[in-house]
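Residue numbers (our numbering), protein chains in the order written: chain A, 282 to 648; chain B, 16 to 152; chain C, 4 to 379.
Think of the CB as a built atom: it goes at the ideal place given N, C-alpha and C, for glycine as much as any other residue.
Since the model is a prediction, treat every value here as computed from it, not as a measurement.
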């Protein structure tokens, strides 16, 4: 019998520089945003609240497996939700894990999924101020993502321009599950603004758009819904490529966050094979899809793939490109990856540096 | 293998746990209904602290759409990814033949018995008036 | 490292015993089906002008390059509409012993359960009479109206005795995830009759094909069909279909398969932490898939380098998973290159002959005695 036991104290071992490309700061309640909301919206939160394309108003339709979707040990001792208390985040994660920079992805509120677009825009704007006030302004390691309402591009661009010059924000946040596939032209003004300001688009698995997570409707179980994040990302990549977004915006960088990456090679191969036969339908796509994917798309590593044969992780990195992968923890969520144990294969120091920090530093202009 | 005193009886309430360090290793001690269990604290999956985990009854189901908890089995559930390990054997619920959380024998002894030796109590003064929790490691 | 281009050469099969598990006959017109309807439907179809409607499927626009390879496209009529041409180009050219016919038709897409059922029944009658009766090397899938599982079961029961029907046909994109109990009457009937469930690429488009909504292009839709299979796999396993119906197999037809290893790794990883949600899945999902799900060969969706495909084939973790297919007349390969050069020897034999025979028990029953002896 093989016993997989981590005997050594890994934390003592390496002094690895880590850029964590997915951290979730949490607020206690939406009223935490009141300092940045007009009276109208403060009142709206209390009365009509969130209006999204599903039956539950405030909770995702497939309950998760852990309270607050979080590690059981991530509840701050002094109270509050996991991820809500910066000092505890510093103590439990940023400091001991050598985090030089951490990229914030607040998931609530989801202004980007509100049917009431003005409300969504107000929430997004307030969320951005909240990131500055409570997080990036208090720990210089933390960087924010500009929340915008992609379904209302004019408002989104205003919000981007408000913050684009601030080095505390390093990307624009869009949800993969938008009203229409994100490659479509209605979203192009946002990409135009992104490249004008030199900001990547960060797409964390999210969005409540009224479309089901499978082609055959909504699944029964959370395990399925969780897995279908893969389909979300596959659809997104296919749309961006086949709509010609990367032809129109040759300097656009796109980061897929928390969608895994094991699916990337097979999608690239399938796209290439069928594009070769039916490229006359999409003449604006001038090169094989896999080339655009290779050049424009980045993937955070969490949840790390765990192949049956661990050596296959190396093959995945080879096939996707060692320079495309960005380490992330997803702190404080339950499926957190610890930098000390995440890669169950032997990596060279150079490879570790790439994955843990250099790729992210290059993409985001950090360090 | 040596026996180490890790707690006094009564110190760890039923349903809770204590983290100790023995021979340089972090060990999680659980009190489950008055019985004690000891695990190497780091989960074999990704290193989560098992001491912060929970003791749960696993499912015992064969028919889809039915839900029943096992009558006579308990699992230690890791606080991170929720992987479950048999409380007695340490075997992973989902991969019992190749994956195990390392565990150690734990026992209770009276102070009177203990003072006769052998044991190690690095940080514990042992008194004949108390009972103690020991692990063998 | 030899690129695939260098290795691509005209290459037919190393055996005369191959079983082609995906060939597409096409209904030439609703008029051609009319004799097979009950008189009530004959009347309705003509009176309402349904026989004049274009029932092309969104999933397979007949004129699209994928729908028919240029040299397989008939001079007139829909691709796959001519038996003689199919016999010549699918069976004779590849020397296949048997081809399984999967007829894709609007009958599975219509919203009306009863009209859908009427069409499916007519199609199956038409297949029996005009394809199976005329060519002993053909077998067929039972086209069923999944719009109503009870009506679907009736159709299965109607066909079950005809052993030339070897499978039950569903589309990967349906009203509900395919593992849902809603569909279990179909699986119960199929299992009872020793029929695998054939799930074919395509959709009735009750839902957007992707979680991000409706793609702009056919190419985009088609690529997304592999994702529909991945979701179907999750659903079938998570819902416990193979626990409830332990003799049942599902065949993913025209699904691709190079996505499978990464899917299994992720499913397994998540299951280890989330098992309590689906407690009847009491063994690793990958093991369930390897026992119960099969994948037709085309499209291979092959990687650019030979050693990558070799690696993926190893990652599949079982040599029992792939079933030979040409997907005739869909355009998935050039010339006779239905079998990738990376697949040869014993592995090729498994894919060409043994795996199909194991998956479709009825095939062995209906082979001529001489053939049976040769194959054993």
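- Apart from the 5 residues on each side of it in sequence, residue 369 (chain A) sits with its Cβ closer than 6 Å to the Cβ of 357 in its chain, given in chain order.
- Residue 220 (chain C) belongs to the set of residues whose beta carbon lies under 8 Å from a beta carbon in chain A.
- Secondary structure at residue 461 (chain A): coil, using DSSP grouped into helix, strand and coil.
- Taking 4 residues as the minimum length, the alpha helix (DSSP H) runs contained wholly in the stretch 481–533 of chain A are 503–508, 510–523, 526–529, in order along the chain.
- In the structure shown, residue 298 (chain A) adopts coil according to DSSP, grouped into three states.
- CA-to-CA, the gap between residue 126 (chain B) and residue 141 (chain B) works out to about 6 Å.
- Contacts between residue 79 (chain B) and chain C, judged by CB atoms closer than 7 Å, involve 242, 243, 246, 247, 283 in chain order.
- In the three-state reduction of the DSSP assignment, residue 18 (chain B) falls in the strand class.
- Only those residues of the stretch 47–73 of chain B whose C-beta falls short of 9 Å from the nearest C-beta of chain A are listed: 55, 57, 58, 59, 60, 61, 62, 63, 64, 66, 67, 68, 69.
- Boundaries for residue 114 (chain C): no alpha helix (DSSP H) harbours it, and the DSSP string shows neither H nor E there.
- Per DSSP, reduced to three states, the secondary structure at residue 266 (chain C) is helical.
- DSSP places residue 247 (chain C) inside the alpha helix (DSSP H), whose first and last residues are 244–247.
- Closest in C-alpha terms to residue 126 (chain C), from the list C:78, C:114, C:109, comes C:109.
- Interface criterion not met: the Cβ of residue 292 (chain C) is under 8 Å from no Cβ in chain B.
- Distance from the CA of residue 168 (chain C) to the CA of residue 263 (chain C), rounded to the nearest whole angstrom, comes to 28 Å.
- Here DSSP, grouped into helix, strand and coil, assigns residue 347 (chain C) to coil.
- Under the three-pair Cβ rule at 8 Å, the stretch 300–319 of chain C counts as touching the stretch 332–345 of chain C.
- Pairwise C-beta distances place the stretch 513–526 of chain A out of contact with the stretch 244–259 of chain C, as fewer than three of them are shorter than 8 Å.
- Distance from the CA atom of residue 130 (chain B) to the CA atom of residue 593 (chain A), rounded to whole angstroms, is 54 Å.
- The contact set of residue 105 (chain B) on chain C, defined by CB atoms closer than 9 Å, is empty, because the minimum CB distance reaches about 15 Å.
- For residue 70 (chain B), the closest of B:51, B:81, B:61 by C-alpha to C-alpha distance is B:51.
- In terms of Cβ geometry, residue 293 (chain C) and residue 258 (chain C) do not form a close pair [threshold 8 Å].
- Between residue 40 (chain B) and residue 133 (chain B), the gap from beta carbon to beta carbon reaches 8 Å or more.
- Residue 452 (chain A) has A:426 as its beta-bridge partners, per DSSP.
- Shown here, residue 614 (chain A) sits in a strand according to DSSP, grouped into three states.
- Unbroken beta strand (DSSP E) runs of no fewer than 3 residues, entirely contained in the stretch 71–148 of chain B, are found at 90–92, 99–101, 121–125, following chain order.
- By the neighbour-count definition (other C-beta atoms within 10 Å, threshold 16), residue 460 (chain A) is a buried residue.
- Secondary structure at residue 35 (chain B): strand, using DSSP grouped into helix, strand and coil.
- Non-local C-beta neighbours of residue 604 (chain A) in its own chain, meaning closer than 7 Å and more than five positions away in sequence, comprise 635, 640, ordered along the chain.
- Residue state for residue 362 (chain C) is assigned as helix, using DSSP reduced to three classes.
- Assigned with DSSP and collapsed to three states, residue 187 (chain C) falls in helix.
- When Cβ pairs closer than 8 Å are counted between the two stretches, the stretch 193–200 of chain C is seen not to touch the stretch 36–43 of chain C, the count staying below three.
- Linking residue 360 (chain A) to residue 371 (chain A) through their CA atoms gives a straight-line distance of about 15 Å.
- If you compare the alpha carbons of A:645, A:570, A:440, A:363 with that of residue 393 (chain A), the shortest gap goes to A:440.
- In the structure shown, residue 431 (chain A) falls within a coil segment according to DSSP collapsed to helix, strand and coil.
- The beta carbon of residue 48 (chain C) is closer than 7 Å to those of 33, 37, 40, 54 in its chain, skipping five residues each way along the sequence.
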